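The block underneath contains the structure these notes are about, expressed in structure tokens.
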Amino acid sequence: MAHSAPLRSDAEASANATFDALMWAFSRPGQIKTLPQTGELCLIEALMDRECRVYCADPLLLPDVMRSGAEVADIPQADHLILGTLTDATFLKQMPLGSDLYPDDGATVIVRATLGAGPALRLSGPGVNGSVTVNVSGLPNGFWDMRKQVMRYPTGFELILLDGNRVLALPRSTVVEVL
């Protein structure tokens, strides 16, 4: 008797497509990938579970974070920071950046931005063939300088820039130069 594979639910298929898009975006910094749906919800469903601590600046997303099983935490203890639209970059001085022994303890930051508009950024580092230029707006003044100040590879943080259903991901190893 032949056995058929279990059918994936729509939620599982969406989480898988989201995770796949994020892995491609992180492995090729500067390439914009499309998510199966708009907004942070698909990122919460794909990335967060009972082993995660999450800081969420948007009270409307808190029920989704809690449904994931993740623990709600303050910025200094969070594995993931869902920050929405940023007005200042001082949170970068409070967040976990990992250590030389445990760089993976650095947080993953999810912020809203506008991709394809605004200041030009030159990206270089692993996953980038030479360099690539992208345009990103919607981040507070001084964000990229503050990022540069807190990053001490291998420590640092991963950054997911969300524009509707599009993402651009920057691992801690990506060098960002404002042009």
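Mapping the sequence shown onto our numbering, position 135 (from 1) lands on 286, and the numbers just tick up by one. Note that CB positions come from ideal geometry on N, CA and C, so glycine has one too. As the structure is a computational prediction, the values presented were derived from the model and not from experiment.
Local Cβ density within 10 Å of residue i, reported as buried at 16 or more and exposed below that
| i | result |
| --- | --- |
| Ala365 | Here the chain covers residues 152 to 330 and nothing more, so residue 365 does not appear. |
| Met246 | buried |
| Val120 | The displayed coordinates of the chain run from 152 to 330. Any statement about residue 120 would go beyond what the structure contains. |
| Leu243 | buried |
| Leu212 | buried |
| Asp256 | exposed |
| Asp215 | buried |
| Met199 | buried |
| Arg303 | exposed |
| Glu191 | buried |
| Gly194 | This sequence places Leu at residue 194; Gly is not what is there. When all chains shown are included, Leu194 counts as buried. |
| Thr241 | exposed |
| Val223 | exposed |
Per DSSP, the bridge partner or partners of residue i
| i | result |
| --- | --- |
| Ala327 | Correcting the residue type first, residue 327 is Val in the shown sequence and not Ala. DSSP, once it has assigned bridges, lists Leu274 as partnering Val327. |
| Leu310 | Val260, Leu321 |
| Tyr363 | Any question about residue 363 goes unanswered here, given that the chain covers just 152 to 330. |
| Glu222 | Arg204 |
| Lys244 | DSSP, once it has assigned bridges, lists no residue as partnering Lys244. |
| Thr265 | Ser288 |
| Thr185 | Arg317 |
Straight-line Cα distance separating residue j from residue i
| i | j | result |
| --- | --- | --- |
| Pro322 | Gln300 | 15 Å |
| Arg273 | Ala156 | 45 Å |
| Asp239 | Trp295 | 11 Å |
| Glu163 | Pro187 | 12 Å |
| Met217 | Glu202 | 12 Å |
| Gly307 | Pro270 | 23 Å |
| Val318 | Leu312 | 6 Å |
| Arg159 | Gly293 | 44 Å |
| Thr325 | Gly220 | 31 Å |
| Ala197 | Ala172 | 11 Å |
| Pro291 | Ala176 | 23 Å |
| Thr265 | Arg204 | 27 Å |
| Pro305 | Val287 | 24 Å |
| Val327 | Ser250 | 21 Å |
| Ala320 | Glu309 | 8 Å |
| Lys184 | Tyr253 | 28 Å |
| Val260 | Leu248 | 11 Å |
| Arg263 | Met174 | 19 Å |
Continuous beta strand (DSSP E) assignments of at least 3 residues falling wholly in the segment 267-302
282-288
Tell me, please, whether the segment 231-246 touches the segment 159-173 by the rule of three or more beta-carbon pairs shorter than 8 Å.
no
Determine contact between the segment 174-185 and the segment 195-215, defined as no fewer than three beta-carbon pairs at a distance below 8 Å.
no
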